[in-house]
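First the structure, in the form of structure tokens, and then the observations on it.
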Amino acid sequence: MFKKVVLFLGVLGFFVSTNAQQSQVYTNSLMDYQKAVDLYNSNQYQAAQMLFKDLKKEAQTTDFVADYDYYIANCAIRLNQRNADKLVMDFVENHPTSTKRNSAFSDVADYYFANGDYPNAKKWYERVNENDLSRSQRDRFSFNKGYVAFATKDYKTARNYLSRVENSETYGSQAKYYIGFMAYETDDYNEASTYFDQVSEKAGYQEKLSYYQADLNFKLGNFNEAIKLAKAQLPKSTAAEISELNKIIGESYFNQQKYAEAIPFLTAYKGKNGKWNNTDFYQLGYAYYKQSDYEKAISEFNKIIDGNNAVAQNAYYHLGESYINLNKKQEALNAFRNASQMDYDLKIQEDAWLNYAKISYEIGNPYQSVPQVLTNYLERYPNSGFTADIETLLIDSYITSKNYQEALRLLDGKRSFAHKEAFQKVAFYRGLELYNETKFQEAASMFSKAVNEAINDVYTARATFWKAETDYNLANYNKALIGFKQFKQFENAPATPEFKNSDYHLAYTYFKLKNYTKSSEFFNSYLQQSNIDPIRLNDTYLRVGDAHFVSSNYSAAADAYNKALKLNKVDADYAFFQKTLSQGYQGNTNQKITGLEQFIANYPNSTLRDDAMYELANTYVKVNKTDSAIALYSQLTSTYPMSTFVSKAMLRKGLIYYNAGKNEDALKVFKQVASAFPNTPEANQAVSTVRLIYIDLGRVDSYAAWVNTLDYITVSDTDLDKATYESAEKKYLDNKTTDAIKQFNGYLNQFPKGIYNLQAHFYLAQLYFKEDLKDNALPHYEAVTNATPSEFTEVALARSGQIYLEQKNWSKAIPILKRLESESRFPQNVVYAQSNLMKAHYQLEAYKQAVAYAEQVLKQDKIDNKIISDAYVIMARSAMKTGNESKAKTAYAQVEKTATGETAAEAFYYKAYFENKSGNFEASNESVQKLAKDFSGYKYYSAKGLVLMAKNYHALNDAFQATYILESVIENFTSYTDVVAEAQQILTDIKTEQAKTNASVQEITPNGN
């Protein structure tokens, strides 16, 4: 563009000396000088510099030295020698009168200018004294200095100097071009256009200016002209210029709302340095949106991440609308939420808020409860035209959100009729939730609140039923009876789901209150219904049989037990055993014997087998088969050494010997009973019978000596012991809890090894447990469990196990539960033991044992859904812990069928997890969406589900959804540090990837910034 500056240097004149020798020297020097100048002008600077240095050594005058120093310094500049700058400065300082002094600076500057070294050129131009320059030199100087300033981005200086020559014939066109370009760069498009127009017809500028003029017209809003100029320039441009021209054409059409025409040009744009920015994605996305091509609109909008400006807000709003048009509501939720959090356009913000609130109601919200979202909208836009609609949704959302705890908090203090009705329903459902978690005290409180609100008769009735059911589980049977009766008196009770089984529950309550006549009445009433669940029907026959049995109506009892046997769903061994006893009580002794013998043979694993052996042995005694009885008593004690019947069997065995006159054999057995089973009724009877034998034998001294070895027998205190215990027992039976606790403690202090020690410990433990003083109850239960087996052992084992579990003292719970499992006579206690053994082993990371117990639980016949889901979830968690995801997947699928509450939330999370692992990303998102809607109260799984959803969207190439969800998790779930850490790592990876193609994305550093 610029011609190389050539220096034309004149030769100084010299005076002719008369001295011939001097003349000769002068002539030779002149010739060498001219030769050096020629070398300099032909760019042979090294040779020229050496010759100038030689001439300087022989110089006769200062004027010659000045010229030599001038050329030596200029050669040094051109040879890029280290001391070049100093040589030039030395020349200026040493030769102040030289005519080359001023041109020295401009010559050096021109040299650097001609070689494109503008920073060095600028330094030397600064040293030139402009006043010493001629007019022609001044124009060149102004242009060169102006261009150097332009090239080094010093636009203020550049404009100052270029303006001086904008009318110059030599430099004017170039100056105007650069002034126009600087105006263009500083967004002064009108001035830029003025200057560009002045040079647009000049040769050499037309092609260069076509792009700028197209861009200027675009920026000035002259879109038609911009399109015309840019299209004309396309065939003549480089690849980089074509990209920019396509952008000008595309944006021009976009601004004219000619979206169809804009799309091909916008898509042809390659971006700055190969990267688009958020605005680029927005324009193409909006063009597709206006063409109703929502899939393609989404594909562009969702590339806009880290956006926080008016363009981003607009983009996210239209992204939400695009998703709505494709019925992708979960994706729309995130887009509208993002748009609602920006205030660049308040109208868009309000519309986004409305859509966000409505979609939250429809599909749930993983970030906050739906009632909270709707409440926030009403508070933010109290005068909205949609207030009434949102209020209606709000009231309904308290129920549909299923986040009852949060809903109760939001409803607190709201006393409109609609809110009170919502409160009643929410309290009822929260009560059910707590009931299913076996938190009966808290559940009872919720049901009471629902009953007291009494707005909706149906929910008042239902809450009354469940309050009664909770009282039943708390052993408040009288309260339960009143509640169940009240429920049946409600006019709309028959329309409730609880009504069908209400007689069944009433019958059980009467049974617990030992009103067997009423119990039978209601059980029989229940049996009149059709389509009764077979297991419940089986259970009803058993309880009818029990009611008849304790009422001594043995024929009816046998009939009921027989019906249960025919169903053969649960507890068949119990039905067979009770049927056999009923036949015996009817006088059918032979039938009883046959039945008990069959029972012992047919049910080898029954928990009632020791009962049957004991009962059969007793029956043998009645029919004088004493040898058979003794053999069976002996078999019972050896086969079931922990059975509560061992002491009784041994006592009866001793009595057989005693009645047969075999006193020595009898003494031996009785003494074993007294020694092995202290403080039991059997031991006391054994001691009494031993006393009689010794008296009969005339060996009273032997009796006294023996009885003194029994530390629990103090003959003189026996009456006092008995009286003290019976006094405490009476308080217990009269439900005078405080007095009973005081007196039982008094008894144990006075008689620490008393006759009724075992009973006192047990009843005291039960009283403390009832009062929720479980730490006080525990040592008394342990006193019972550490004693020889008794009728109290099983309950004490169950209660102490429960207390240890609540304390999360797994190590102490396990041996207690194992005893309960092996010693229990009741199947429900076996299930209880096994189900909690699996949980305890899991907590101790003994996963193999946990799974083994879970499998044992699932083999049981009569277990409810809660226990089933617990067993499967332990199997699933253990499988995950041991890396067996295939087994975990199968187990979680089973959990999903029966679980409620947090366990169900966990199952749905893992359903989504396994769908993600198998590449089924859309199905995984649907599962997470269901998790958010139905289990929003369980925030940990909501947070984990969102991270999973972000992974799914990343796999589906939806960067916006992925990054927005992850940022929301990081912001809203700070208490779950493991989830936040995972979200942060995934977000870092995604943004690092997106930053490669999107100039608007800031890559996150490892520390999260």
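When you line the sequence shown up against mature numbering (1 follows the signal peptide of the UniProt record, and there is no 0), it's residues -20 to -1, 1 to 989, in that order.
Ideal placement from N, C-alpha and C gives every residue a C-beta, glycine not left out.
Give me the DSSP bridge partner(s) of residue i.
i, result
"W104", "According to DSSP, which records beta bridges pairwise, W104 is partnered with nothing at all."
"W256", "N978"
Give every residue of the same chain whose Cβ lies closer than 7 Å to the Cβ of residue i, excluding the five residues on either side of it in the sequence, and list them in chain order.
i, result
"I229", "I207, A210, K211, F245"
"I284", "N258, F261, Y262, A292, A295, F940"
"Q1", "No answer about Q1 holds up, because its pLDDT of 46 lies below 50 and its placement is not dependable."
"D12", "L31, L35"
"I304", "A312"
"V981", "I285, D286, K971, Q974, A975"
"F71", "D49, Y50, A53, A84"
"Y893", "L928"
"N63", "A56"
"residue 990", "The requested residue 990 is not part of the displayed model; the chain covers only -20 to 989."
"S535", "Q566"
"M593", "I580, L612, Q615, L616"
Please return the same chain residues whose Cβ sits closer than 6 Å to the Cβ of residue i, not counting the five positions on each side in sequence.
i, result
"Q745", "Here residue 745 turns out to be Ala, not Gln, going by the sequence shown. Cβ neighbours of A745 beyond the five flanking positions: A757, H760, Y761."
"N952", "Y347"
"D755", "none"
"residue 992", "A query on residue 992 cannot be resolved here, the shown segment of the chain reaching from -20 to 989 and no further."
"F85", "W104, R107, V108"
"S682", "Y674"
"Q4", "For Q4, the predicted model reports a pLDDT of 49, less than 50, meaning its position is unreliable and no value from the coordinates is stated."
"D134", "none"
Give the single residue among the options whose Cα lies nearest to the Cα of residue i.
i, options, result
"Y712", "T689, Q730, K750, I693", "K750"
"E825", "K798, S858, D841", "S858"
"N639", "A832, N664, K308, K602", "K602"
"A611", "P215, F316, R632, A487", "R632"
"L306", "A319, K327, S279, A290", "S279"
"E110", "S83, G96, Y822, Y92", "S83"
"L785", "T768, K828, K819, N345", "K819"
"I580", "N282, Y554, G411", "Y554"
"T821", "S815, A830, K861", "Before going on, a small fix: residue 821 reads as His here, not Thr. Residue A830 is the option with its Cα nearest to H821."
"residue 990", "N202, L677, S780", "Since the first and last residues shown for the chain are -20 and 989, residue 990 lies out of range."
"A915", "Y239, S381, E947", "The question names Ala, yet the displayed sequence has Phe at residue 915. Selected option, being the one with the closest Cα: S381."
"F44", "N21, N235, N74", "N74"
"Y490", "A763, I515, Y452", "Y452"
"A423", "P362, N432, A443", "A443"
"L412", "N383, Y743, A856", "N383"
Report all residues from its chain with a CB closer than 8 Å to the CB of residue i; omit the five preceding and five following residues, and keep chain order.
i, result
"V853", "A871, Y872, V875, A879, T883, E886, A887"
"K897", "E865"
"V810", "T587, L800, E801, S804, Q840"
Quick one: which unbroken alpha helix (DSSP H) runs of 4-plus residues sit fully inside the region 856 to 898? Chain order, please. 865 to 878, 881 to 897
Touch check for the region 552 to 569 and the region 531 to 541: three-plus C-beta pairs under 8 Å? Under the 8 Å Cβ criterion, the region 552 to 569 counts as touching the region 531 to 541, having at least three qualifying pairs.
Fully enclosed by the region 522 to 574, which alpha helix (DSSP H) runs are 4 residues long or longer? Qualifying alpha helix (DSSP H) stretches, in chain order: 534 to 547, 552 to 565.
Should the region 832 to 846 be regarded as contacting the region 541 to 554, the criterion being three or more beta carbon pairs within less than 8 Å? Touching, yes, given that three or more Cβ pairs across the two stretches are closer than 8 Å.
How do the region 952 to 965 and the region 976 to 983 stand: do at least 3 beta-carbon pairs fall below 8 Å, yes or no? no
Are at least three pairs of beta-carbons, each pair with one atom in the region 901 to 913 and one in the region 873 to 881, less than 8 Å apart? Touching, no.
Entirely within the region 6 to 75 and at least 3 residues each: give me those beta strand (DSSP E) ranges in chain order. none
Mind listing, in chain order, the continuous alpha helix (DSSP H) runs of no fewer than 4 residues lying wholly within the region 756 to 838? 773 to 786, 790 to 803, 807 to 823, 827 to 838
Can at least three beta-carbon pairs, one atom from the region 650 to 669 and one from the region 605 to 619, be found at a separation below 8 Å? no
Which ranges would you report for the beta strand (DSSP E) in the region 263 to 323 if only whole runs of at least 3 residues count? none
Three or more C-beta pairs below 8 Å linking the region 360 to 374 and the region 403 to 418: no
Check whether the region 494 to 505 and the region 469 to 478 are in contact - that is, three or more C-beta pairs closer than 8 Å. no
In the region 362 to 403, which residue ranges form an unbroken alpha helix (DSSP H) of at least 4 residues, counting only runs that do not cross its ends? Here the runs fully enclosed are 367 to 380, 384 to 391.
Which complete alpha helix (DSSP H) runs does the region 443 to 529 hold, if anything under 4 residues is left out? 457 to 469, 482 to 492, 496 to 507
For the region 263 to 271 against the region 225 to 239, are there 3 or more C-beta pairs whose distance is under 8 Å? The count of Cβ pairs closer than 8 Å, one atom from the region 263 to 271 and one from the region 225 to 239, reaches three, so the stretches are in contact.
Residue ranges of each alpha helix (DSSP H) run of no fewer than 4 residues wholly in the region 572 to 618, ordered along the chain? 589 to 602
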